[in-house]
Each structure stands twice: as structure tokens, then as C-alpha cells.
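Novice: One structure follows; several queries about it will come next.
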Amino acid sequence: MDPLTGAASPDLRVDIGPLRLRNPVMTASGTFGYGEEFASLVNLNRLGAIIVKGISLEPRRGNPPPRIIETACGMLNAIGLENVGVDRFITEKLPFLRRLETPVIVNILGDSIEEYSRLADKLNYARGIAALEVNISCPNVKKGGVAFGTVPEMATAVTRSVRQATGLPVIIKLSPNVTDIALIARAVEEAGADAISLINTLLGMAVDIRTRRPRLANIFGGLSGPAIKPVALRMVWQAARAVSIPVVGIGGITTVEDALEFLMAGATAVQVGTANFFRPTATEEIVAGLEEFLRQEDLSSVRQLIGSLKTE
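For the sequence shown, this note's numbering assigns the number 306 to the last residue and increments by one with no breaks.
Below, the structure is given as C-alpha cells:
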């Protein structure tokens, strides 16, 4: 209820498969640490969900520096999926997250189908996890390094293996580096995904013209931020038209206006990523902005906005 007017507050609740969220605003994996790092800056219990940085079976040191550079309207990162590994995550990071009211979603990554399956199985028995988000942009080392998410058959195999290993809701995070996003979206839906999230970062690079060397030690990196929003919005719209499961929109969302565009294009929820680096309160601001927009439009529920884009 609005404390000033006494009017009922708009209903921001959404469902991502079997998972009910108090609002559709999540943090994007890799931009919010393990949650605790932002506890002094953001009211974590105000968020729809927290998605922690990607977790692998074993700890990863990541790539050598430089690993992050600023670009026009965005950033390139080549962190290399540095993380503490699943065992340390469960013993060291999860206890803090369990104390929150906000659902915790764990992003998982692997070099093989077997690794994804083992991760899902381990996390299935860890108390305090609401869902898994599966990063299928990783290279399949057994298939010459081709990213799982770029081949429908491999995306299907990963999804099916995770689905069989866990009873938790499964969100498959799609790669934008494909020619037909709808094809991949349908493949993972048929394999048992409860929802999909997109887009992951676009591949990019930058050159130092004085040294004539790549500005990232890894040469390539993932492009994120406002620069990729039009691409992300287009792919979310295409994916939402192709599947019947919920779609979570990601890519360049920094304001409530951005979030509204994704919801209208068919996303059930959104993730805020790069904005967390330069405006840590962006997620809370977007939640408040959604409430205000619904009041202005005399709408009772955010669900009335989902897929409301008019194309005719």
C-alpha cells in the first residue's frame, strides 16, 4: 500500500517457471559478485532475485590482466569465469545468502556435459538455492571448443543433463553469437528448461593503437552495457515468440525505461548487469520505477505489460 495515498501498491510478482519472484528485477551473473559485496550499497531484500557469479566444479583463477576495459556505451570483459568453485561456494558464500528473503539463483558453467550434470547434482542438495541458471556459452572441450549454446544438439544435451540431475527450476542462459536464436530457444525448451535468459555478452575486441596490441590480454572479451541493448531486445522478442516458457531479458538494462521495453517485448523478468558497476543502486531504482509507471498507467499488475508490444 502506498504510504502517502493509501492506494494499493501495484502487483510486481512474476513467475519464472515454478519460481515466484516478488518483482521482475534480478542481478546478472558476474556483475554482483556473490551478493554480499553489495550488501552495504543495496537493500538485497528489495530485489526479485540475486544471481551469483558463475560457479564451476573446481576453482578457476581466470585470465591474466588486463581483463576489463571501457568501450563506447559499454565494457569488454575477459575475466575468464574466475570463481571459488562449488565446494567453497556452498561452505563460504551460501551461508550469507541463506539469510536473505530474496531468492538466490546459482549460475553454473562447465567444460563438458558431465561437469554441468555433476554441478547440478551437488547444488540440488545445498539448502538455500531457489534455481539454477545454466551458462551454455562455454566451450565444449570435447568437441574442439565449440560453445554449447551455438549448436542446438549440444544445447539440448546440456539442458537435458541438468534437468535430469536436479529438481530445482532450470533457466538456460543463451548465447547471442548464433544466427537463429529462436531455434536454440525451442531446443532447450523441448529438453526441459523451465525458462530461458538472454542475451549473454557479444564477442568483441579492442586495440591499443600506440602499442599495436590487443587491449585485453585474452584478445577477445564479452561486450556488455547499453551498446548491446538493441541486439538484446530484438533477440528477446524473437525468443519470446518462439517458446511458451518464461523469458528473462538481459543486455544493457540501466533504467526503468530499458526494463519496460524488455517486458513489453515479451520478457517476464529482467537482469541488470553492467549498470551495477557504475550505479550500484540501479536495481532498486528500476523496482521503484516499475511501481511508479504502473500507477501512472493505472495498471494493477506488471503482468499486464508482459508481451504488450504492438506490432500492427
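Glycine included, every Cβ here is placed at the ideal spot set by N, Cα and C.
Mind checking which residues open and close the beta strand (DSSP E) that includes R14?
Specialist: Looking at the DSSP string, the run of the beta strand (DSSP E) that includes R14 is 13 to 15.
Novice: CA-CA distance, L227 and T173?
Specialist: Straight-line Cα distance between these residues: approximately 15 angstroms.
Novice: Determine the burial state of S34: buried for a count of at least 16 other Cβ atoms within 10 Å of its Cβ, exposed for fewer.
Specialist: Flag for S34 reads exposed.
Novice: With DSSP collapsed to three states, give me the class of K87.
Specialist: DSSP places K87 in helix when its eight states are reduced to three.
Novice: How would you label V201, buried or exposed, when you count the other beta carbons within 10 angstroms and need 16 or more for buried?
Specialist: Exposed, by the Cβ-count rule.
Novice: In whole angstroms, what is the alpha-carbon distance linking L177 and P146?
Specialist: About 7 angstroms.
Novice: So, helix, strand or coil for D5, using DSSP?
Specialist: Correct three-state label for D5: strand.
Novice: Here's the rule: buried if 16 or more other CB atoms are within 10 angstroms of the residue's CB, otherwise exposed. What is D188?
Specialist: D188 is buried by the Cβ-count criterion.
Novice: Taking the DSSP output, what are the residues bridged to I63?
Specialist: Answer is L70.
Novice: Compare the Cα-Cα distances from G309 to each of I44, T195, R82, R121 and report the closest residue.
Specialist: The structure shown does not extend to residue 309, since the chain is modelled only from -5 through 306, so no value can be given for it.
Novice: I believe V128 touches V98 by the beta-carbon criterion, under 8 angstroms. Please report the beta-carbon distance rounded to the nearest angstrom.
Specialist: Contact flag wrong, Cβ pair sits at about 15 angstroms.
Novice: Flag this pair as yes or no: are the beta carbons of V78 and A114 separated by less than 8 angstroms?
Specialist: Result no, Cβ atoms of V78 and A114 do not sit closer than 8 angstroms.
Novice: Would you please state the rounded distance, in angstroms, between the beta carbons of P12 and V296? I believe it to be under 8 angstroms.
Specialist: About 19 angstroms; that fails the 8 angstroms criterion.
Novice: Does the region 33 to 52 come close enough to the region 9 to 25 to have 3 or more Cβ pairs within less than 8 angstroms?
Specialist: With a cut-off of 8 angstroms, the region 9 to 25 and the region 33 to 52 count as touching, because enough Cβ pairs lie within range.
Novice: Under 8 angstroms, do I49 and N101 count as touching if we go by C-beta distance?
Specialist: Their beta carbons are under 8 angstroms apart, which means I49 touches N101 by this criterion.
Novice: At a cut of 8 angstroms, does the region 213 to 232 reach the region 248 to 256 through at least three beta carbon pairs?
Specialist: Judged by Cβ distances under 8 angstroms, the region 213 to 232 makes contact with the region 248 to 256, as three or more pairs qualify.
Novice: How is K223 classed by DSSP in three states: helix, strand or coil?
Specialist: Three-state DSSP puts K223 in a helix.
Novice: Please report the Cβ distance between V250 and F287, rounded to the nearest whole angstrom; I am assuming they are in contact, meaning their Cβ atoms lie under 8 angstroms.
Specialist: Confirmed, about 6 angstroms.
Novice: For P58 and M229, I'd like the C-alpha separation in whole angstroms.
Specialist: Computed Cα separation, rounded: 32 angstroms.
Novice: Could you give the distance in angstroms between the alpha-carbon of I315 and the alpha-carbon of K87?
Specialist: Since the first residue of the chain shown is -5 and the last is 306, residue 315 is not available in this structure.
Novice: Note down, in chain order, each residue of its chain lying with its Cβ closer than 7 angstroms to the Cβ of P274, except the 5 sequence neighbours on either side.
Specialist: F32, L35, V36, listed in sequence order.
Novice: Report the three-state DSSP secondary structure of I176 (helix, strand or coil).
Specialist: Checking the sequence, you will find Ala at residue 176 rather than Ile. Here A176 sits in helix by DSSP.
Novice: How would you write the range of the alpha helix (DSSP H) that V156 sits in, first residue to last?
Specialist: Note, V156: alpha helix (DSSP H), 146 to 159.
Novice: Which one of D105, R112, E95, A211 has the shortest CA to CA distance from G122?
Specialist: The residue with the shortest Cα to Cα distance from G122 is E95.
Novice: How is R54 classed by DSSP in three states: helix, strand or coil?
Specialist: Residue state, collapsed to three classes: strand.
Novice: Assign E183 to buried or exposed, taking buried as 16 or more other Cβ atoms, counted over all protein chains shown, within 10 Å of its Cβ.
Specialist: Buried: at least 16 other Cβ atoms inside 10 Å.
Novice: Quick check on DSSP: helix, strand or coil for G243?
Specialist: It is a strand residue.
Novice: For L15 and A43, what's the separation of their Cα atoms in angstroms?
Specialist: Their backbone Cα atoms lie some 7 angstroms apart in a straight line.
Novice: According to DSSP, which residues form a beta bridge with I190?
Specialist: The partner list for I190 (beta bridge, DSSP) reads I166, V241.
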